[in-house]
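To start, the structure itself, in structure tokens.
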Ligand code: SF4
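In the working numbering, the protein residues as written are 207 to 489.
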């Protein structure tokens with residue numbers, strides 16, 4: 207099946223409402239250093255379309271009856287390959303003819319290409335953004351569109367009345383943990399909700415991160431491996447550090463009247479459904 211239940215592992219910290227998930231591509235070519243999915247999907251950075259994507263999706267989408275589908279959670283639905291292949295656009299054309307509501311989660315400004323189709327579907331876009339600094343985003347997310355492109359995309363989405371939220375994820379101490387400028391900018395742009403989360407270390411992403419940011423990684427070493435906690439297969443920052451970081455983002459976000467949710471942290475800080483889905487599906 208291409209459209210499946212979200213979080214089949216039933217993570218103990220996930221507070222997402224029931225929803226489905228769909229990934230048009232396997233793997234992702236944005237090559238973010240901190241990527242979690244790269245640790246459980248083989249040949250992750252060799253992004254490729256799902257086999258018989260369009261014909262299979264047509265069959266599955268015809269059976270939908272109003273479900274909420276998150277696209278995508280194990281890859282970006284707009285990898286660089288999409289500029290050439292246009293498969294995500296074809297998928298959206300199929301969803302537009304079926305009975306569903308969709309949430310697109312992406313780091314790509316290419317999503318604005320498909321605004322004409324999104325206008326015909328109950329839909330929202332969640333743009334992932336870690337910094338306002340293009341130099342930092344280039345280093346942290348080497349092949350994803352620069353932060354400034356994503357910020358421009360948010361402006362275009364909002365102007366076109368597409369409900370737009372942002373994931374500030376991951377927040378990494380000593381690197382991008384002051385998000386006040388970013389949150390202020392997003393509020394001015396008309397973003398409705400912010401979801402945030404701290405960096406969860408897996409050994410593969412830690413190796414990549416350490417090579418690119420050796421000084422920050424040596425500062426973080428103690429926090430993650432001596433003072434932090436291991437939850438599932440990931441190393442987390444100490445609980446108090448995570449709580450303070452999330453609380454700060456919550457206060458900033460709510461101060462501007464936006465909804466807030468944190469992702470897989472285990473704190474009762476959400477002012478709205480954590481994934482921002484309330485912007486397209488009322489309670
Ligand atoms: S965009 Fe998402 S899936 Fe793609 S490399 Fe970055 S974190 Fe991984």
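Virtual Cβ for every residue (Gly too), placed ideally from N, Cα, C.
Computed from a predicted model, the values in this text were never measured in an experiment.
- Of the residues assessed, residue 387 falls on the exposed side of the cut-off, its CB having fewer than 16 other CB atoms within 10 angstroms.
- The DSSP assignment places 273 to 277 as complete runs of the beta strand (DSSP E) inside the region 241 to 296, in order along the chain (cut-off: 3 residues).
- Between the region 241 to 261 and the region 213 to 225 there are fewer than three C-beta pairs closer than 8 Å, too few to call the two in contact.
- Collapsing the DSSP output to three states places residue 237 in coil.
- When beta bridges are read from the DSSP output, residue 441 appears opposite 407, 436.
- Judged by DSSP in its simplified three-state form, residue 459 adopts helix.
- With a cutoff of 9 Å on beta-carbon distance, residue 403 and residue 373 are scored as near each other.
- Under the 8 Å Cβ criterion, the region 413 to 425 does not count as touching the region 456 to 470, having fewer than three qualifying pairs.
- Ligand 1 never approaches residue 441 closely enough for any of its heavy atoms to be under 8 Å from the residue's Cβ.
- With a contact defined as Cβ atoms closer than 8 Å, residue 431 and residue 449 miss out at about 19 Å.
- In this structure, residue 455 sits away from residue 369, with a CB-CB distance that is not shorter than 9 Å.
- Of the heavy atoms belonging to ligand 1, none sits nearer than 8 Å to the Cβ of residue 345.
- Around residue 229, the same chain offers 278, 280, 281 as residues with beta carbons nearer than 6 Å, after the five sequence neighbours per side are excluded.
- Residue 422: member of the alpha helix (DSSP H) spanning 420 to 431, first to last residue.
- Around the CB of residue 283, 16 or more other CB atoms lie within 10 Å, so the residue is classed as buried.
- DSSP lists 276, 330 as the bridge partner or partners of residue 309.
- Secondary structure of residue 357 (DSSP, three-state): helix.
- For residue 340, the enclosing alpha helix (DSSP H) starts and ends at 340 to 346.
- Within the chosen limit of 8 Å, ligand 1 does not reach the beta carbon of residue 246 with any heavy atom.
- Here residue 309 is buried: its Cβ has 16 or more other Cβ atoms, across all protein chains shown, within 10 Å.
- Burial of residue 304 is indicated by the presence of at least 16 other C-beta atoms within 10 angstroms of its C-beta.
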